[in-house]
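In numbering that gives the first Met the number 0, the protein residues as written are 0 to 132. Idealized CB from N, CA, C, for every residue including glycine. A short write-up of the structure that comes next.
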Amino acid sequence: MRAVAFSYPRSYRITRASEFQRVFERGLHRRISVIGLLVRVRESTSGRARLGFALSKRSLKRAVDRNRVKRLTRESFRLHYSQLPAVDFVILSQAEVAGLDNTAILLQLDLLWQQAIRLYPKLSPAAVPSQAD
RNA sequence: CCAGCCGAUUGGACAACCGCUGCUUUGCAAAAAGGGGAGGAAAGUCCGGGCUCCAUAGGGCAAGACGCUAGGUAACGCCUAGGCGGCGUAAGUCGACGGAAAGUGCCACAGAAAAUAUACCGCCUAUCCGAUUUCGCGCAAGCGAUCCGUUAGGUAAGGGUGAAAUGGUGCGGUAAGAGCGCACCGCGCUUUUGGCAACAAAAGUGGCAGGGUAAACCCCGUCUGGAGCAAGACCAAAUAGGAAUGCAUUGGUGUGGCCCGCACUGCAUUCGGGUAGGUUGCUGGAGGCAGUUAGUGAUAACUGUCCUAGAUGAAUGGUUGUCCUCGACAGAACCCGGCUUAUAGAUCGGCUAUCUUU
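In structure tokens, the structure reads:
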């Protein structure tokens with residue numbers, strides 16, 4: 000049961016060019032920003048939260064840094080998935096991320112998910128925040 | 001022992017939990033289990049190939065790359081061996097290392113002169129006699145030499161300039177000088193010997209060509225058709241732009257920088273089409289490892305053995321704990337061979353020089 004709760008299958012990702020375009024459509028998305036990352040968000044058509052990346056070579060020059068951001072974001076997304084609203088997230092990078100270490104990036108991601116939950120309270124699955132651990 | 005040179009390997013380890021991914025097995029399916037999952041540079045995209053399509057890649061011009069010799073290779077701008085030159089005591093290492101007696105261009109400043117050479121100072125000879133500094137002879141006039149100067153000529157030994165000035169040193173020679181003559185060194189040419197060759201050595205011969213720059217144009221030799229896996233092939237919603245046959249041969253397009261050549265396009269008739277998306281190309285290969293043989297070596301041949309990433313918004317990870325020397329540069333995207341650049345440390349092998357000891 001836990002294995003199901005924390006998995007990250009293909010259906011949790013944005014895979015089609017048209018779906019990326021939908022999120023980027025002018026005036027229809029919302030923006031969330033934390034240190035080093037910009038996120039564009041729009042209500043998902045699939046009824047669940049999905050994640051996509053648009054990391055530019057200009058902001059993150061080295062492939063190693065791009066991979067690191069993707070892996071950490073995916074990991075954090077996976078662990079917070081049960082609390083997230085049914086929206087599409089597209090992650091854009093800024094050059095400062097390369098200077099942050101893993102724990103700092105994970106901290107920023109925590110802030111990101113909290114903002115998303117506040118923005119879309121109706122779409123979030125847990126109306127009652129689960130404080131029990 | 002210390003100081004170096006060359007080559008090679010490695011690039012935190014272990015455990016737990018939570019994930020991702022392709023393969024195999026089980027299963028109707030959902031899923032489960034098993035074992036696999038970044039690099040020496042995966043990088044820069046600088047060369048060379050394979051593969052694919054364009055015509056089967058053909059002719060000419062243009063353009064570009066390369067440039068000591070021989071070999072290796074699928075090929076190369078790579079590698080190996082050798083030659084020559086520079087650096088180093090040495091092991092070694094570095095070199096766009098063909099041609100400047102085919103032509104053109106450029107060479108600041110300085111200097112007389114920078115290339116058909118040339119005479120500024122100096123040196124020497126002759127001349128004019130002007131002057132009379134000094135000396136000799138003479139009673140003197142004067143004569144001879146000398147010095148300062150005029151004119152004509154000889155001279156590249158010396159000075160000065162420069163990155164570079166018609167080869168260097170010595171002896172002879174000369175009015176002074178000069179390859180003017182000779183010896184040795186350097187250079188050119190010829191022959192012989194060694195070497196496949198680059199080249200080296202020896203002998204003879206010529207008094208001796210003539211600055212630098214070819215990463216300036218250029219000349220000589222060798223090589224190169226273009227585009228790239230978003231190549232290309234297949235299945236196929238939506239929408240008509242397609243195919244075959246006949247006719248037409250001017251223009252347009254494919255074609256690469258251009259020309260030739262080649263293909264397509266136009267009209268009629270009959271059939272049918274290929275954008276989103278998906279599948280494939282996609283990893284078994286000029287493959288790795290071990291051995292034997294040939295070769296100085298790069299490498300090749302043979303035998304045995306192994307299968308060792310294949311993603312597609314794009315996996316190969318995250319957290320925690322323990323240990324240590326506290327972890328560098330950095331992430332596959334069709335695949336190989338190189339080159340270049342980045343890289344904390346650790347390990348191994350071979351070699352050189354100095355000192356000490358034997």
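Note down the Cα distance separating residue i from residue j, rounded to an integer number of angstroms.
i, j, result
"G35", "V89", "14 Å"
"S75", "E42", "20 Å"
"L106", "R49", "20 Å"
"R39", "R117", "15 Å"
"L119", "E18", "It is worth fixing the name first, because residue 119 is Tyr in this sequence and not Leu. About 19 Å."
"R104", "R67", "The question names Arg, but residue 104 is Ile in the sequence shown. Between I104 and R67, the C-alpha separation is close to 10 Å."
"H79", "L27", "25 Å"
"S45", "F5", "19 Å"
"L99", "K69", "14 Å"
"R21", "R47", "16 Å"
Whole-angstrom Cβ separation of residue i and residue j, contact assumed at under 8 Å?
i, j, result
"V33", "L110", "5 Å"
"D64", "A16", "No, D64 and A16 are not in contact; Cβ-Cβ is about 24 Å, not under 8 Å."
"Q114", "L37", "At roughly 12 Å, the Cβ-Cβ gap does not stay under 8 Å, so Q114 and L37 are not in contact."
Determine the DSSP secondary structure at residue i, reduced to helix, strand or coil.
i, result
"R15", "coil"
"R57", "coil"
"R47", "coil"
Start and end of the beta strand (DSSP E) containing residue i?
i, result
"V40", "36 to 42"
"R9", "Looking at the DSSP string, R9 is not in any beta strand (DSSP E), and its letter there is neither H nor E."
"D87", "86 to 92"
"V33", "29 to 33"
When the distance is taken between beta carbons, is residue j closer than 8 Å to residue i?
i, j, result
"L108", "V86", "no"
"N101", "L71", "yes"
"R12", "G51", "yes"
"A53", "L91", "yes"
"Y7", "R73", "yes"
Where do the N-terminal and C-terminal ends of the alpha helix (DSSP H) with residue i fall, by residue?
i, result
"S75", "62 to 79"
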